[in-house]
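Step one of this worksheet: look at the structure below.
Protein chains: 2
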Amino acid sequence: MTRVAVCAPATPILPQHAVAITALAAEIAPEVELVIHDQCFASEGHFAGPDTMRLSALLECANDPSFDAVWFARGGYGSNRIAAAAIEGMDDVARQKTFLGYSDCGYLLAAMYKSGIGRPTHGPMVADVGRKDGDAAARRALRWLSDGCTGLEPSLGETPAVAFNLMTLSAILGTELMPDLSGHVVMIEEIAEHLYAVDRLMFHVTSNLSKCGLAGLRLGRVTNVPNNDRPFGSQPEDIVRFWCERHAIDYLGEAEIGHFAGNHIVPFGVAPPLARA
Amino acid sequence: MTRVAVCAPATPILPQHAVAITALAAEIAPEVELVIHDQCFASEGHFAGPDTMRLSALLECANDPSFDAVWFARGGYGSNRIAAAAIEGMDDVARQKTFLGYSDCGYLLAAMYKSGIGRPTHGPMVADVGRKDGDAAARRALRWLSDGCTGLEPSLGETPAVAFNLMTLSAILGTELMPDLSGHVVMIEEIAEHLYAVDRLMFHVTSNLSKCGLAGLRLGRVTNVPNNDRPFGSQPEDIVRFWCERHAIDYLGEAEIGHFAGNHIVPFGVAPPLARA
Chain C
1 MTRVAVCAPA TPILPQHAVA ITALAAEIAP EVELVIHDQC FASEGHFAGP
51 DTMRLSALLE CANDPSFDAV WFARGGYGSN RIAAAAIEGM DDVARQKTFL
101 GYSDCGYLLA AMYKSGIGRP THGPMVADVG RKDGDAAARR ALRWLSDGCT
151 GLEPSLGETP AVAFNLMTLS AILGTELMPD LSGHVVMIEE IAEHLYAVDR
201 LMFHVTSNLS KCGLAGLRLG RVTNVPNNDR PFGSQPEDIV RFWCERHAID
251 YLGEAEIGHF AGNHIVPFGV APPLARA
Chain D
1 MTRVAVCAPA TPILPQHAVA ITALAAEIAP EVELVIHDQC FASEGHFAGP
51 DTMRLSALLE CANDPSFDAV WFARGGYGSN RIAAAAIEGM DDVARQKTFL
101 GYSDCGYLLA AMYKSGIGRP THGPMVADVG RKDGDAAARR ALRWLSDGCT
151 GLEPSLGETP AVAFNLMTLS AILGTELMPD LSGHVVMIEE IAEHLYAVDR
201 LMFHVTSNLS KCGLAGLRLG RVTNVPNNDR PFGSQPEDIV RFWCERHAID
251 YLGEAEIGHF AGNHIVPFGV APPLARA
């Protein structure tokens, strides 16, 4: 039995998300026991409860030795507000634990990776079960929580890797949450940003990462791009190639991550050989 | 006679903007001669012509000794793509010149300020003449281009100051365009961003600027905030106070800058005493 605690460091899920993910787990990963913290349904303005409530729920889940993993319920925005305090409050129990999530929860993954806490891992979240085309992603996460070796992003190898939402990575740069990414493959994905905003983010991110000595950069899916008043004039992969070339970062091709059914698992650092086999 | 060259480092203006601003100049600042570069009307995808065209138009205006000032036509997005090359191409003539603009043109103002080129100045642009409530802003810019001493942001004093669009400042951080802002008052403004995005930008900007030893931060207008799926839960000034306090930056109050009629002039650095009198 793998016991997985679910909490919401950013925005809340609905009770039907909890019902659906629990049913799905019973069906395809019966050896995974999901324990969904009540805080997941709290609401205060934009967030799943005030900062103090989200922080204490996260620390309860992280520091409880009866849980093997912490699964973030949903992104949306807000985990940056509690990330530094979360690191400070995590104990030796948390250091042995897997943490799974993506999108806005990238702030937490970054900060944990920087501090060597647990096994921060990019992958689908509980709320994906409620998204169009999200069911396959949620299934992939549950299987991985169960066996720890399926559903890995196909390009993963012996080079350490991380994966981030592009906007989230941009906001991490220069802050106390930013890990050392030298020698890493950095995978990025984006959702619901205009292409000019993707261009601006790539300017900012490649300018900053050019100093890090990356192994290279991969592009996941850029989804739900809003229409602009006029076409931007180039596509996401062209934008990424342009800025990688400008700032001397190797562009390595596509990655199977993003806000879509094919969102795969990226353990931060080097995935265990068994998992990559 | 003050000769002012107008070019568009980001997005284009329409011929009617040129007609309107020329008529307004003839009416209220007849000693200002506006010379509007054809590049202002060029269009390629999102931009006012390709990078090479926008760069060469900017350098023509900046390096021509017959012009006293360069006025940016419009923001929108794109001046970051040519800012570093523009600095490299600017000669001694450009170093004596005034450059006026804001919003996306903040990339150029930042880079020039960092390099000690000319007198970079935050203020209304040509395209403001076409905006609702923009006429008063355009008039203020024309009067300032004429006399060099009216329309200054009211809080300016002997402490050096800069003014930026918040998103633009966020994207400048950690790049080669970023000036040293130690001892400065930093004024920020924003348009058309969700409040959660303003919160995220303030997290990023105050995290980074907390290392700079600022004199403090002032908040201009946050306009055209899109509706979110739910209320964010706090207002722009609360957000700014929160992040300033979190990162030990003095919040000094409001500033009369932004995408609105009351957008005032902020010469980067210390404004001349005469102008502040």
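Protein chains in written order, with the UniProt record's numbering: chain C, 1 to 277; chain D, 1 to 277. Quick reminder that beta carbons are idealized off the backbone N, C-alpha and C, glycines included. The structure presented is a predicted model; accordingly, all values stated were derived computationally and were not measured.
Within chain D, partners of residue i - CB distance below 9 Å
i: residue 173 of chain C; result: 173, 174, 204, 208
Interface partners of residue i on chain D, CB under 8 Å
i: residue 234 of chain C; result: 45
i: residue 251 of chain C; result: Ordered by position in chain D, no residue passes the 8 Å Cβ test against residue 251 of chain C, which lies about 18 Å from the chain.
i: residue 80 of chain C; result: 200, 203
Residues that residue i contacts on chain C, provided the C-beta gap is smaller than 7 Å
i: residue 230 of chain D; result: 46
Close-in-space but distant-in-sequence residues of the same chain around residue i (CB under 6 Å, 5 per side omitted)
i: residue 221 of chain D; result: 189, 258, 260
i: residue 212 of chain C; result: 181, 182
i: residue 114 of chain D; result: 179
i: residue 265 of chain C; result: 123, 144, 151, 152
i: residue 101 of chain C; result: 72, 125
i: residue 252 of chain D; result: 216, 218
i: residue 106 of chain C; result: 164, 165, 168
i: residue 58 of chain C; result: 7, 9, 86
Per-residue contacts from residue i into chain D (C-beta, under 7 Å)
i: residue 196 of chain C; result: 46, 77
heavy atom of the ligand COA below 6 Å from residue i C-beta
i: residue 197 of chain D; result: Inclusion of the ligand COA in the displayed structure is not the case, the ligand content being empty and no account of it being possible.
Under 7 Å between C-beta atoms of residue i and residue j
i: residue 126 of chain D; j: residue 159 of chain D; result: no
i: residue 79 of chain C; j: residue 104 of chain C; result: yes
i: residue 134 of chain C; j: residue 144 of chain C; result: no
i: residue 98 of chain C; j: residue 69 of chain C; result: yes
i: residue 124 of chain C; j: residue 110 of chain C; result: no
i: residue 228 of chain D; j: residue 204 of chain D; result: no
i: residue 187 of chain D; j: residue 255 of chain D; result: yes
i: residue 249 of chain C; j: residue 214 of chain C; result: yes
i: residue 263 of chain C; j: residue 137 of chain C; result: yes
i: residue 20 of chain C; j: residue 129 of chain C; result: yes
i: residue 117 of chain C; j: residue 95 of chain C; result: yes
i: residue 51 of chain C; j: residue 81 of chain C; result: yes
i: residue 121 of chain D; j: residue 76 of chain D; result: no
i: residue 146 of chain C; j: residue 29 of chain C; result: yes
i: residue 85 of chain C; j: residue 55 of chain C; result: yes
i: residue 268 of chain D; j: residue 162 of chain D; result: yes
i: residue 174 of chain D; j: residue 177 of chain C; result: no
Close beta carbons around residue i, own chain, < 7 Å, minus the five adjacent residues each side
i: residue 1 of chain D; result: 31, 33
i: residue 196 of chain D; result: 228, 232
i: residue 247 of chain C; result: 206, 207, 210
i: residue 25 of chain D; result: 32, 34, 142
i: residue 270 of chain D; result: 158, 160
i: residue 17 of chain D; result: 126, 127, 129, 130
Contacting residues, own chain, Cβ-Cβ under 8 Å from residue i (five flanking each side not counted)
i: residue 64 of chain C; result: 5, 93
i: residue 14 of chain D; result: 41, 130
At what residue ranges does the stretch 123 to 209 of chain C contain a whole run of the alpha helix (DSSP H), taking only runs of 4 or more? Counting only runs of 4 or more, we get 135 to 147, 166 to 172, 195 to 209.
Give the list of continuous beta strand (DSSP E) stretches no shorter than 3 residues that lie fully inside the stretch 215 to 253 of chain D. Runs of the beta strand (DSSP E) lying entirely within the stretch 215 to 253 of chain D, each at least 3 residues long, are 216 to 223 in chain order.
Tell me the start and end of each unbroken beta strand (DSSP E) in the stretch 56 to 81 of chain D that is at least 3 residues and wholly inside, in chain order. Whole beta strand (DSSP E) segments, 3+ residues: 69 to 72.
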